[in-house]
Amino acid sequence: MLPQQLTFRTLQPVPSGPPQEIEVNALSSRTALLMWQPTNNDQLNGVLTGYVINVTEIEIGNQNQIVTQGAQYTFHNLNPFYHYSFLVAAVTVGQGPFSAIFSLQMPQDVPTAPPVSIEVTLFNSSALSIGWRPPSAGQQNGIIEGYTVRLVEVITGNERVIDTGGPHTEVFVTSLHPHYVYELSVAAQTVGVGPYSSPTVIQMDEDIPSGPPTNVTATSLSSTSIKLTWMPPPLHNQNGIIREYIIHYYVSETRESVVKQSPDNYTSTIITDLHPYYTYSFEVAAVTVGAGPLSTEFTIRTLESEPTGAPQAVESVAVSSSSVRLTWNPPLPEEQNGMIRSYHINVTSVDDKNLMEFFETDGLNTIFIINSLHPYYLYTITIAAFTVDLGPHATVQERTHPEIPSGAPMNLTVVALNSSTTQVSWDPPLSETQNGPISGYVVQISGINTDEDFEIQSYEGPNTFTVSNLHPFYAYAYTIAAIGTGIGPYSTALVFQMPEEVCTAVVRNVTVDVLSATSVAVSWLPPYVQSWNGVITSYTIIYELLGKVNGGSSTQPIQTDTLVYPQPGMMFNNDPDPRASAQLPLQFESVKIGLLEEFYVYQFSVYLENSVGISDASQSIGIEMPPAAPSGPPSSVTALALSSTSILVTWDNPDDFDANGIITAFEIILKDSSNHLRNFTQPPSAFSFHLEGLNKYAEYRVELSAQNSEGRGPFSNPVFINTLEDVPSAPVDIGVESVNSTAVAIKWSPPLSPNGILLFYKITYDGYKISEGNDVNTPENEHSVPATGGNSAVLFGLQSGFTYSFEVRANTSVGFGDGSQVTFQVADAEVDKSETGNEDGSTPAITATAIVAGLAFLVLIVLVTALLWRRIKRKHKFKLRTGLHFDNLGAKAGDEAEGNLYMTLYRKPNEETDGTQDEKRELGAGPGNINGENEDSVMLKADTHI
């Protein structure tokens, strides 16, 4: 039997040898590949689980350890141009020994940062020096072989790149453009160019422009101004900020040179104060820190203008009454301002400003004959040269020869001085028709209504004269002619109507006819037409009120009224114009006059009126107006109350103009408040009436009217009167009810005839009782109740079992009236208790009353306490009397009603006071006088529900 074989594995130790054939290579400036072969098996000592790589960055000293599974590893994000060392160890159950060190320097790369601390120094407008410092060592990524400087022209975008050709950190740059703005940046070079630094902006200094303005043009704006425009020099020739432009111009006619500055940097300007129609040559230069070269010359002529000088040696000579010869020389050459194209000749009459003539002649002529002028006119002649407009004129004056007038005098006027005299006036003929001096005038006058014709000549003095002895309201024709070297034409005839005159005759045949008691018809015949002296405008009728019929008329009118005929809407019966009425027979005129006063005497007269005035009055006609019923009531109607049953009525006659006749009686109407009517008639001599038997304290309405033979007139406005107050009648419906054995409630109704304003009620009462065969009487007591406080009262403090007699009277301001009486026996105390229907011996009504009394008693205690405190201070003593009053009593148990409580306190003066009377206070009321006694009262009104 073979022996049993036993197999087992020993425990793993860590590897005893490192990996083999290690190799490291740079893949780029930032990436490297590390490769190796596994550890020999005899040195592995177990199962390989991975590798540990130890990497060291030599320049910085940073170490990193990496664990990987494979036999190679790629490193990323390494620093270019840095030295790295690598160690590799195998791992089983633990890490074996590291391999030998393998080193690698990474390839170069372009720098990752630009140079720093850029400094620029300007030398002049086109040169500068640039300095800088290299990037930090960690960002160079290699060996810096040189630097690149980049200059960018901001305005053009042109770029200029300069290579330093070595590692020096400064460069001098020339041939830059003056005043250009550059963006400067620098980059370092290793294997390539690194990033450029942030742009540094630098502006070069200014220099004078290197080129002139361009597109110089000029435009003539006027005869004295030229607008010059140009473009700035090209941008690359400006070399700075153009602050202004210098303008050179040359005047060909005067050979004058002028230099002007254009403000600011405007590219146009207007050259003023130039000479019209002159030739100018312009050149322009731009100015920065100095003036640049001049532009190309531009030549232009100013526009023509009106001459500034008048024609020379101007002379005029009158050839006839209608022509003048004019001669002259041209203006001076320097005043012509252009080509003279013509001459303008203006001829104005000094005598007639509206008479003007215009002539135009060729610019080469210097002589002109002016025709068609007016005889004997003084003319102002002006002549001016014309280029593009007229220049100043030269002036001469010349008068033509005179001739015979060719026109009549003007504005012939005739004015009436009165109805038979006129004043004639006129103005000379129009100046254009006088044709010379006027030596006089001839006036002819012809009558239209008569055969009068006469002629007047005037050679001296004013242009006026007076004509007398003419007929009023007649028409005349006037005409006039001027005298010069002969008589000129006559004016158109002026027909003038002589003014009117007041009529010299009066109205004829006046009659007055009565139409009614208040109206008449007045008729008349006009005067003869020859005396009218004008157009009748109206007739005026004057009618005067002289007085009453049979009343003694006065020679002086009481009232005067006027009526003008015709009234609106009416027409004359005759034509008011005498020129028309003279051919026709005259008719009567008539008018109706109303609103006259009845039973009065009137006097009528008629006047004729034209535009001048009123004629004398016609013969006066008197007439009596018939009577009529009065048109107004009696006047001053009054009424006076004499007593409670009588009044006195007084009055006077109606106004004089309302009586309308003789008053025969007066009628009085009396109405009471029930419109009951009573009539009374009084004779005309009576002016008062005493009316009796009227109602007491009643209002009456009184009206009066007057009567005459024609009837009754209107009633007067009503007069209202009240008869006086009286004592009232007795209250009615008096009744008494028992409250308890010591109190009763008494009720009544107001008097049927108050006869005035009720003030209060007075209750008088006393009692008696037969006891043991003897009469026992109580003193008489009084109790007052305000009329406004109700028609009931509760009387306390009565004697039980006594029979009382009660009397109630009402009071007005006159006094107390009759009383109403009633007798009532107060219940006996024992009977009152025995008759109760309740266990406590009280009736339901008494129980209700007791509740009210209890409430009143509580209020009484509070008030008495307060009053006692006040009185104690004043050292007075109080004595409480009966004085509780109830309204609306009689409620039974279970009923709900309102009751009003009144309480009266009486104060007895003590020995220390000087008063001798009791003092009473009714709680709730103010101080007053009751029944003639001075009382200080306060009334308490307690509302309660039972």
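Numbering (the working numbering), first residue to last: 1349 to 2294.
Think of the CB as a built atom: it goes at the ideal place given N, C-alpha and C, for glycine as much as any other residue.
For clarity, every value in this text was computed on a predicted model and none was experimentally measured.
- A straight line joining the alpha-carbon of L1842 with that of E1683 spans about 59 Å.
- Per DSSP, the unbroken beta strand (DSSP E) holding D2000 starts and ends at 1995-2000.
- Beta-bridge annotation (DSSP): K2110 is paired with S2132, R2157.
- Shown here, S1568 sits in a strand according to DSSP, grouped into three states.
- A check of alpha carbon separations from Q1413 across N1427, L1435, N1425, I1406 identifies L1435 as the nearest.
- Taking the Cα of Q1782 as reference, the smallest distance to any Cα among Q1420, G1755, S1773 is reached at G1755.
- Assignment of beta-bridge partners to E1369 by DSSP yields no partner.
- CA-to-CA, the gap between G1970 and G1795 works out to about 46 Å.
- Under the DSSP assignment, Q1609 falls outside any alpha helix (DSSP H), being part of the beta strand (DSSP E) whose first and last residues are 1604-1610.
- Judged by DSSP secondary structure, E1631 falls within the beta strand (DSSP E) whose first and last residues are 1627-1635.
- Taking all protein chains shown into account, V1672 has 16 or more neighbouring C-beta atoms within 10 Å of its C-beta and is therefore buried.
- Residue state for N1389 is assigned as helix, using DSSP reduced to three classes.
- Bridge partners of K2019 according to DSSP: L2025, R2049.
- Contact annotation: P1974 and A2054 have beta-carbon atoms that are not nearer than 8 Å.
- The Cβ-Cβ distance between S2153 and D2114 falls below 8 Å.
- DSSP lists A2091 as the bridge partner or partners of N2088.
- In the structure shown, N2043 adopts coil according to DSSP, grouped into three states.
- Rounded to the nearest whole angstrom, the CA to CA distance from K2095 to S2140 is 4 Å.
- Excluding sequence positions up to five before and after P1723, its CB lies within less than 8 Å of the CB of S1669, S1670, T1748, H1749, P1750, E1751, N1783, G1784, all in the same chain and listed in chain order.
- Between F1952 and the set M1579, P1905, E2128, T1986, the nearest pair of CA atoms involves P1905.
- The alpha-carbon separation between G1836 and A1830 amounts to approximately 5 Å.
- It is roughly 22 Å from the alpha-carbon of Q1771 to the alpha-carbon of L1778.
- Comparing alpha carbon positions, the residue from T2126, N2027, G1418, T1440 closest to L1359 is T1440.
- DSSP places H1525 outside both helix and strand once states are collapsed to three, so it counts as coil.
- Bridge partners of T1696 according to DSSP: M1704, T1728.
- Looking from the CA of T1620, the closest CA among A1633, T1602, S1573 belongs to S1573.
- Per DSSP, the continuous beta strand (DSSP E) segment holding R1747 begins and ends at 1738-1747.
- Listed as beta-bridge partners of T1827 by DSSP are Q1792.
- One Cα belongs to A1742, the other to L1651, and the distance between them is close to 24 Å.
- DSSP lists I2011, G2059 as the bridge partner or partners of N2056.
- For R1649, there is no enclosing alpha helix (DSSP H); the residue is part of the beta strand (DSSP E) that begins and ends at 1646-1649.
- As DSSP reads the structure, I1401 sits in a beta bridge with I1414, V1436.
- Per DSSP, H1584 is one residue of the alpha helix (DSSP H) stretching across 1583-1586.
- For E1780, the enclosing alpha helix (DSSP H) covers residues 1779-1782.
- Counting along the chain, R1673 sits inside the beta strand (DSSP E) bounded by residues 1672-1677.
- An exposed status is given to D1390, since fewer than 16 other beta-carbon atoms sit within 10 Å of its beta-carbon.
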